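*Asks:* In UniProt numbering, the protein residues as written are 14 to 782.
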Ligand code: MOS
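1) Alpha carbons only, please: which of 227, 271, 234, 212 is nearest the one belonging to residue 115?
2) In its own chain, which residues sit with a C-beta less than 8 Å from the C-beta of residue 714, not counting the 5 before and 5 after it?
3) In terms of residue numbering, what span does the beta strand (DSSP E) encompassing residue 442 cover?
4) By a C-beta neighbour count over all protein chains shown, 10 Å radius and 16 as the cutoff for buried, is residue 603 buried or exposed?
5) Who are the near neighbours of residue 633 in its chain, counting only those whose CB is closer than 6 Å to its CB and skipping five residues on each side?
6) Ignoring anything shorter than 3 residues or poking outside the region 430-495, list the beta strand (DSSP E) runs there in chain order.
7) With a threshold of 7 Å on Cβ separation, who are the neighbours of residue 343 within its own chain once the five nearest residues in sequence on each side are excluded?
8) Are there any heavy atoms of ligand 1 lying less than 7 Å away from the beta-carbon of residue 699, as far as the coordinates show?
9) Alpha carbon to alpha carbon, how far is residue 531 from residue 44? Give it in angstroms, no decimals.
10) Can residue 407 and residue 368 be called in contact, C-beta distance under 8 Å?
11) Any contact between the region 522-540 and the region 638-655? By contact I mean 3 or more CB pairs, one from each, below 8 Å.
12) Between which residues of its own chain and residue 387 is the CB-CB distance below 6 Å, once the five residues before and five after are set aside?
13) Should residue 288 be listed as close to ligand 2, given that the test is whether its C-beta is under 7 Å from any heavy atom?
14) Tell me whether residue 553, by its Cβ, gets closer than 7 Å to a heavy atom of ligand 1.
15) Under the three-state reduction of DSSP, which class applies to residue 219: helix, strand or coil?
16) Cα-Cα, which of 196, 322, 304 is closest to residue 233?
17) With distances taken Cα to Cα, identify the nearest neighbour of residue 683 among 667, 697, 735, 253.
18) Do residue 609 and residue 590 have their C-beta atoms closer together than 8 Å?
19) Which word fits residue 257, buried or exposed, when buried means at least 16 other C-beta atoms lie within 10 angstroms of its C-beta?
20) Just to check my reading of the structure: residue 769 and residue 51 have Cβ atoms closer than 8 Å, yes? What is that Cβ distance to the nearest angstrom?
21) Can the beta-carbon of residue 334 be found closer than 8 Å to that of residue 216?
22) What are the boundary residues of the alpha helix (DSSP H) that residue 270 is part of?
23) Kindly indicate which three-state DSSP category residue 737 falls into: helix, strand or coil?
24) What's the call for residue 793, buried or exposed, on a 16-neighbour Cβ count within 10 Å?
25) Mind listing, in chain order, the continuous alpha helix (DSSP H) runs of no fewer than 4 residues lying wholly within the region 569-657?
26) Cα separation between residue 771 and residue 56?
27) Between residue 721 and residue 600, what straight-line distance do the alpha-carbon atoms span, to the nearest angstrom?
28) By how many angstroms is the C-alpha of residue 278 removed from the C-alpha of residue 265?
29) Contact check, residue 146 vs residue 709 under 8 Å by CB: the rounded distance?
30) Name, in chain order, the residues that DSSP records as bridge partners for residue 253.
31) Do you know how far the Cα of residue 77 is from the Cα of residue 198?
32) If you follow the beta strand (DSSP E) that residue 298 is part of, which residue opens it and which one closes it?
33) For residue 88, collect the residues of the same chain with a Cβ closer than 7 Å to its Cβ; drop the 5 residues on either side in sequence, then sort them by chain order.
34) Classify residue 405 as helix, strand or coil using the three-state DSSP reduction.
35) May I ask you to list the residues that DSSP assigns as paired with residue 732?
36) Residue 43 by DSSP, collapsed to three states: which one?
Following this line, the structure appears as structure tokens:
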């Protein structure tokens, strides 16, 4: 595949597929604007090893950290014998609750405006143990091997207390949470229970999904030091972290250490994947505390096992779907309720009714989420929290209803396409789900599907087709701001945003270049630094729109400032900012090719070497006025081996409706990556707890399975490319929608193949025999 950035004439066959009638960005010869498949601006640095990740920075005098994890799920530490460890070669410090510096409890995400932390347990401040795997000691040593060996030697005596580690028992004491993502935990429209009882066609089934752990290719790591950056300024906590929230992490750490946020500086230029888990957990806080205590810079790189002990994942759920429909398949009752595991110390009930809020029309709807408190590591965000498992239950149940009605599953969905958001009553800002479903079905060959399961065989293999709807909300959080610095040679755009591998740096270079009328080579996008302006979370698939809004605001401010600089002699003299566009490396009058002045000329005339402006993005009013979501349909062809029960996915296609696609190359990767994670959710991923101790028993990629190359079939991706008129650039985020719908598409294909309905993820072979 070509690695250069010249779209004209470069063959990208198979990279992405364009629906009939849509313009081809490749045909716009020589132009690399929005919509062009620009290759990654950081690609060469990454593949040649030039990119430095958080665990690869070096400070003079740096020591290495290792953590000791608790072996009980609830109770007290009676004694920690650290003498042997302290006497070992190279050991610099053994820190436990007895000698750790005083630390404030970290603010929790969504509960506090400064919250970047997964939970609000005190960190190494008391003898209490809250989950099996909690850090109880930290060792610093001159080498990583010395630190690891010393950590291994530490003996801890506990007084264990009864722990709630069985979801079945915890469910019996389930409670309604205060909120679900800041909204109510129960949503009702009409009387769904009565409507369900009265319906002619009914499906009432329970779907279960297991715990999932984060497995980014780069395990969590950081390198930090307390440094004196300049005379008399006091100490700065300088952190190289792998983060999807540099700004929020600074705010949280300032609270934990009781220092000014200006004394903390986090950079995170390269992140080896972040899916909701690269936030603030105990390891960063403990590393900073130990560095302070030992007066040495520290590197802490969690092992894969360490990530399972201290970084939360997705909670398990048990979901009831009750669908009532009339003879024509129109939904009369839609009930989606159930329980998710949680802890008292975090604020994320896995929001499994999310997809059901907006997908289908029904006169009567009841959605509710209860939580079951457990002694476990706090659960957290994990790619499409809510929608990933929500769509498994909802879209499996719809397939079951279609079967009962002897109706094509796509036809059943089309019949229930809502005119307005069924729970909020708002109009949709942009919804072309049916178009995505139709073009996807055509491309995939959906019409070849047999309505009766078990009809297609190839030797031992039974083959089936399934589909499911994908959805994820559009979001744009407040706080985004951008700085543009213009020089005669180009522009630098700075914003405290993140590149975790999804292509942000590339796409935002394109967006800024298009906005400023500059070639991409003359635009540098700076990000991943808490000292840059604005606060943008790489989460909720909202970064693209949030940055876009800020860049547009800054570009407008730049135009206004430049106009103020032009003199009487300028061809632009007398024009208002609204009459101006950025083009050809300068400003021009809209609709008048003759009135133009280059940036170079404007700056030179004004005697300026550069011009720098900063602007806040406007608030996200669009969300108050519209129901805003991305949509898609996932199609799957699965083979089920009649002898072994093994499932192999043979084909997968995602047809999406996510507004305007800014870069088809990086977008294709995002969609495909999400869909591959969806295959893991469907077929493999499951965190297993020891029922006696609550300890995670499969904390490694050898035991916790994710899809590898041989598990991943041909994946086709396509999209409507219809801009949403109510978002910056007409775009939606696309980071999370790819994983949604895949669980059900696979389950439905498996049912179509062999007639077995699996309602319990993952769909492993034992469930098919
Ligand atoms: Mo995503 S779970 O919002 O990083």
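Ideal placement from N, C-alpha and C gives every residue a C-beta, glycine not left out.
Small disclaimer: the values here were computed from a predicted structure and weren't measured.
*Replies:* So, from the data block:
1) Counted from its first residue, the chain shown places residue 115 at position 102. Comparing Cα positions, the closest option is 271.
2) The sequence position of residue 714 within the chain shown is 701, counting from 1. Excluding positions up to five away in sequence, the list reads 228, 317.
3) As a first step, residue 442 is located in the chain shown; it is residue number 429 there, counting from the start. Element bounds for residue 442: n/a, residue is neither H nor E.
4) Residue mapping note: residue 603 aligns to position 590 of the chain shown, counting from 1. Residue environment analysis places residue 603 among the exposed positions, since fewer than 16 neighbouring C-beta atoms fall within 10 angstroms of its C-beta.
5) Within the chain shown, residue 633 is the residue found at index 620, counting from 1. Its chain contains 489 as the residues whose beta carbon lies nearer than 6 Å to that of residue 633, once the 5 sequence neighbours on both sides are disregarded; these appear in chain order.
6) Listed in chain order, the complete beta strand (DSSP E) runs (minimum 3 residues) inside the region 430-495 are 469-471, 474-486.
7) Residue 343 sits at position 330 when you count from the first residue of the chain shown. Here the set comprises 428, 429.
8) Sequence index remark: in the chain shown, residue 699 carries index 686 (1-based). Distances between the C-beta of residue 699 and the heavy atoms of ligand 1 are all 7 Å or more.
9) Residue numbering aside, residue 44 sits at position 31 when the chain shown is read from its first letter. Residue numbering aside, residue 531 sits at position 518 when the chain shown is read from its first letter. Caution is warranted here: a pLDDT of 49 is assigned to residue 44, below 50, making its placement in the model unreliable, and the coordinate value is therefore given only provisionally. Residue 44 and residue 531 have their C-alpha atoms roughly 11 Å apart.
10) Within the chain shown, residue 407 is the residue found at index 394, counting from 1. Within the chain shown, residue 368 is the residue found at index 355, counting from 1. The answer is yes: Cβ separation under 8 Å.
11) Taking a cut-off of 8 Å for Cβ pairs, the region 522-540 and the region 638-655 do not touch, as fewer than three such pairs fall below it.
12) Translated into positions along the chain shown, residue 387 becomes position 374. By the criterion of a C-beta distance shorter than 6 Å, residue 387 is surrounded in its chain by 177, 183, 354, once the five residues flanking it on both sides are discounted.
13) In the structure on display, ligand 2 does not appear, and the ligands it does have are ligand 1.
14) For the purposes of this step, residue 553 is identified with residue 540 of the chain shown, where counting begins at 1. In this structure, residue 553 has its CB closer than 7 Å to one or more heavy atoms of ligand 1.
15) Residue mapping note: residue 219 aligns to position 206 of the chain shown, counting from 1. Residue 219 sits in a strand when the DSSP states are folded into three classes.
16) Numbered from its first residue, the chain shown carries residue 233 at position 220. Closest in alpha carbon position to residue 233, among 196, 322, 304, is 322.
17) In the chain shown, counting from the first residue as 1, residue 683 sits at position 670. Ranking 667, 697, 735, 253 by Cα distance to residue 683 puts 667 first.
18) Taking the first residue of the chain shown as 1, we reach residue 609 at position 596. Taking the first residue of the chain shown as 1, we reach residue 590 at position 577. No, they are not a contact pair.
19) Residue mapping note: residue 257 aligns to position 244 of the chain shown, counting from 1. Buried.
20) Along the chain shown, one-based indexing puts residue 769 at 756. Along the chain shown, one-based indexing puts residue 51 at 38. Not quite, the Cβ-Cβ distance comes to about 45 Å (not below 8 Å), so this is no contact.
21) Within the chain shown, numbered from 1, the residue matching residue 334 stands at position 321. Within the chain shown, numbered from 1, the residue matching residue 216 stands at position 203. Taking 8 Å as the Cβ cut-off, residue 334 and residue 216 qualify as a contacting pair.
22) Here residue 270 is taken as the residue at index 257 of the chain shown, counted from 1. Its alpha helix (DSSP H) spans residues 259-270.
23) Residue mapping note: residue 737 aligns to position 724 of the chain shown, counting from 1. The answer is coil: DSSP assigns residue 737 none of H, G, I, E or B.
24) The structure shown does not extend to residue 793, since the chain is modelled only from 14 through 782, so no value can be given for it.
25) Fully enclosed alpha helix (DSSP H) runs of 4 or longer: 612-618, 635-638.
26) Translated into the one-based positions of the chain shown, residue 771 becomes position 758. Translated into the one-based positions of the chain shown, residue 56 becomes position 43. If you draw a straight line from the Cα of residue 771 to the Cα of residue 56, it comes to about 41 Å.
27) Residue numbering aside, residue 721 sits at position 708 when the chain shown is read from its first letter. Residue numbering aside, residue 600 sits at position 587 when the chain shown is read from its first letter. Distance between the alpha carbons of residue 721 and residue 600: 50 Å.
28) For the purposes of this step, residue 265 is taken as the residue at position 252 of the chain shown. For the purposes of this step, residue 278 is taken as the residue at position 265 of the chain shown. Straight-line spacing of the CA atoms in residue 265 and residue 278 works out to 12 Å.
29) On the chain shown, position 133 is the one that residue 146 refers to. On the chain shown, position 696 is the one that residue 709 refers to. At roughly 7 Å, the Cβ-Cβ gap stays under 8 Å, so residue 146 and residue 709 are in contact.
30) Sequence index remark: in the chain shown, residue 253 carries index 240 (1-based). Beta bridge pairing from DSSP links residue 253 with 236, 280.
31) As a position in the chain shown, residue 198 is number 185, starting the count at 1. As a position in the chain shown, residue 77 is number 64, starting the count at 1. For residue 198 and residue 77, the gap between their C-alpha atoms comes out near 44 Å.
32) Taking the first residue of the chain shown as 1, we reach residue 298 at position 285. Per DSSP, residue 298 belongs to no beta strand (DSSP E); it is in the alpha helix (DSSP H), 295-307.
33) Taking the chain shown and counting its residues from 1, one reaches residue 88 at position 75. Excluding residues within five positions, the ones whose Cβ falls inside 7 Å are 142, 171, 172, 173, 174.
34) Within the chain shown, residue 405 is the residue found at index 392, counting from 1. In the three-state reduction of the DSSP assignment, residue 405 falls in the helix class.
35) Against the chain shown, residue 732 aligns to sequence position 719. Per DSSP, 669.
36) Along the chain shown, read from residue 1 onward, the residue named residue 43 stands at position 30. With a pLDDT of only 38 at residue 43, under the threshold of 50, the placement of this residue in the model should not be trusted, and no figure is reported.
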